[in-house]
Structures are given as C-alpha cells and as structure tokens.
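Scroll down for the structure; my scribbles are underneath it.
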Amino acid sequence: MKFQLTFSLDKAEIPTKDYRRIFASIIKNALSRYMDGQLFEKFYKDTKQKDFTWSVIFNKPDFSGEGIKLGKNEIKMIFSTYDRENTGYFMYSAFLKLLNKSLPLDNDNAIRLLSIKQFNQRIIDKNSCIFKTVTGAPIVVREHNRGDNTDKYYTSFNDEFDFELTEGLKRQAVLAGFSQSDINEISAKAINCNKNVVYNYGAYIDANTGFIEISAKPYILQYFYQAGILAHRSIGFGMIDLIAQKNI
C-alpha cells in the first residue's frame with residue numbers, strides 16, 4: 010500500500026537538518042494514538058524488522074543554514090508498506106488520527122497533517138526488475154559488525170558494491186520469512202548509481218541514488234518494491250520505484 014501525506018507548517022522551515030528524526034517521531038505519534046498503542050508496541054517494542062519505508066519531499070529546500078528553509082510551508086511524505094498482515098490499512102488508519110492536529114516543533118513552529126491520498130502500486134509478475142531510488146530516500150548498503158557494533162557503508166564506487174547489495178537484500182529477505190531456496194536466487198547489481206552523503210541522526214552516512222537491477226522470485230520483488238530495500242527503511246531510506254520488469 011502506498012499513500013501521500015500532505016503537511017503544513019506554521020513557518021516555512023524545518024528547525025534541523027536532521028529532519029528524518031522529526032518524521033520518524035510523527036510516525037510513532039500516529040501509532041501510539043491508534044488501537045491503544047498496540048501498533049506502536051508491534052513495531053517498536055524490539056528490533057523487529059519494519060516492512061515500511063517513506064520519503065519526504067520539500068518545496069525548494071535551502072540547506073545552507075542550521076535548519077532547512079522552504080519555498081512554501083507545505084511538505085509531502087510518501088509512505089509505502091508491504092501489505093502482509095494488513096499493515097498498510099493499519100498504518101493509514103493510524104495517520105488518520107493525526108488529521109488537522111497541530112504537533113509542536115522547535116523554534117515556535119508546528120506541523121499539521123492536512124490530507125492523505127492513496128496511490129496505486131504496480132503488480133510484479135516477472136523475475137527481474139529495474140528500480141530507481143525515490144528522491145529523498147536513497148538506499149543504504151551497510152555491513153553491520155555485531156561484535157563491535159560498528160557499521161561499514163558501501164557506495165557504487167566500491168568494487169564489492171554489487172556483492173554487498175545482494176547480500177543485504179538476502180539478509181532482508183531472511184528476516185521477512187521467505188524460503189531459503191528462493192532467497193538463494195536473489196541477485197542484484199548497480200546500473201547507474203551515485204554516492205549520496207546524508208546527515209542522519211547526528212552523523213553523516215554514505216547512501217546511493219540511481220538505478221539498480223534485482224533478480225528474484227516475483228513475490229520477493231513485490232515485497233522489495235512495497236517495503237523498500239536495505240538498511241534504515243523505517244527512518245526514511247530505501248524507497249524504490251519500478252521502472253521495468255522482464256523474465257530472464
């Protein structure tokens with residue numbers, strides 16, 4: 010399920026460049042208001058994989074200061090989720106709880122949800138797809154070391170990028186509960202990607218924008234398309250659009 014949230018601001022600015030933190034907080038706020046907070050507990054009680062992704066679209070943003078100056082006081086947020094267990098319906102219903110409610114921000118600002126509009130998503134019935142990263146939600150190819158709790162980030166400039174891209178998708182598919190035999194068939198490669206350094210939760214991380222090709226069972230490709238791919242999806246990364254599909 011995919012839908013667009015339209016917000017208005019009292020002032021045409023965001024008080025911090027670390028804006029993903031703000032919108033992640035808005036998501037948590039919506040979930041805590043719906044079904045007595047049961048959805049909040051479901052998604053945020055532990056480190057369970059969250060099968061949703063989102064992107065924020067600003068109007069003429071200016072990042073030159075400490076915050077973000079905007080061309081107008083309107084923000085659009087695109088939200089996409091895999092429909093297993095009716096997650097899309099529940100998330101949509103949770104956001105309805107925020108309609109026309111003023112949520113305070115720093116610097117005497119506030120944000121308000123004005124409307125929600127549902128989009129159609131395409132059905133994938135082929136085993137190879139070309140995807141394009143969505144503006145504002147680049148993909149993060151990360152190798153996490155559990156031993157020392159450190160992360161290594163990869164970009165298309167790294168020789169091992171395609172390998173790490175594929176391995177990251179396989180790890181995600183494992184956590185999503187797909188069969189190991191189908192997971193073994195997943196492969197991916199960059200077609201035309203660019204490095205994108207992003208400020209996120211107080212640190213700069215390497216991300217990637219552009220086009221990638223993923224081969225897998227159609228139902229796994231559908232999952233990637235709806236839930237987003239790779240690391241940090243639930244905090245505004247990894248959203249992809251379907252460009253083309255074919256059988257190979």
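Numbering (the working numbering), first residue to last: 10 to 257.
C-beta atoms are modelled at their ideal positions from N, C-alpha and C, and glycine is treated no differently.
Neighbour-count burial assignment, residue i, 16 or more Cβ in a 10 Å radius
| i | result |
| --- | --- |
| Y28 | buried |
| Y234 | buried |
| L105 | exposed |
| G80 | exposed |
| F88 | buried |
| Y209 | The displayed chain sequence assigns Asn, not Tyr, to residue 209. The residue is buried, with at least 16 neighbouring Cβ atoms inside 10 Å. |
| Y163 | buried |
| G245 | buried |
| Q47 | exposed |
| R242 | buried |
Residue i - DSSP class collapsed to helix/strand/coil
| i | result |
| --- | --- |
| I51 | It should be noted that the sequence gives Lys, not Ile, for residue 51. The answer is helix: DSSP assigns K51 an H, G or I state. |
| D215 | strand |
| N205 | strand |
| S190 | helix |
| E222 | strand |
| S34 | helix |
| N256 | coil |
| K179 | helix |
Beta-bridge pairing of residue i - partner residues as DSSP gives them
| i | result |
| --- | --- |
| D265 | The question about residue 265 has no answer, for the chain in this structure spans 10 to 257. |
| M86 | L14 and V65 |
| I148 | N217 |
| T25 | According to DSSP, which records beta bridges pairwise, T25 is partnered with nothing at all. |
| L230 | In the DSSP output, where bridge partners are listed per residue, L230 has none listed. |
| I249 | T142 |
| S165 | None, per the DSSP bridge assignment. |
Integer Cβ distance of residue i from residue j, believed to fall under 8 Å
| i | j | result |
| --- | --- | --- |
| I223 | L184 | Not confirmed; about 17 Å, so no contact. |
| R93 | D60 | 7 Å |
| F16 | R121 | 6 Å |
| S41 | F49 | 5 Å |
| A199 | A103 | Not quite, the Cβ-Cβ distance comes to about 35 Å (not below 8 Å), so this is no contact. |
| I35 | L112 | 7 Å |
Whole-angstrom distance between residue j and residue i, CA atom to CA atom
| i | j | result |
| --- | --- | --- |
| I221 | M248 | 12 Å |
| A240 | E173 | 12 Å |
| A253 | I133 | 9 Å |
| D191 | A225 | 7 Å |
| K78 | I23 | 7 Å |
| V149 | Q58 | 15 Å |
| T175 | S64 | 23 Å |
| L18 | I238 | 30 Å |
| I84 | T218 | 21 Å |
| N124 | F99 | According to the sequence as given, residue 124 is Ser; it is not Asn. Approximately 16 Å between the Cα atoms of the pair. |
| N136 | F187 | 15 Å |
| K37 | I139 | 32 Å |
| N256 | G145 | 30 Å |
| Y43 | L107 | 10 Å |
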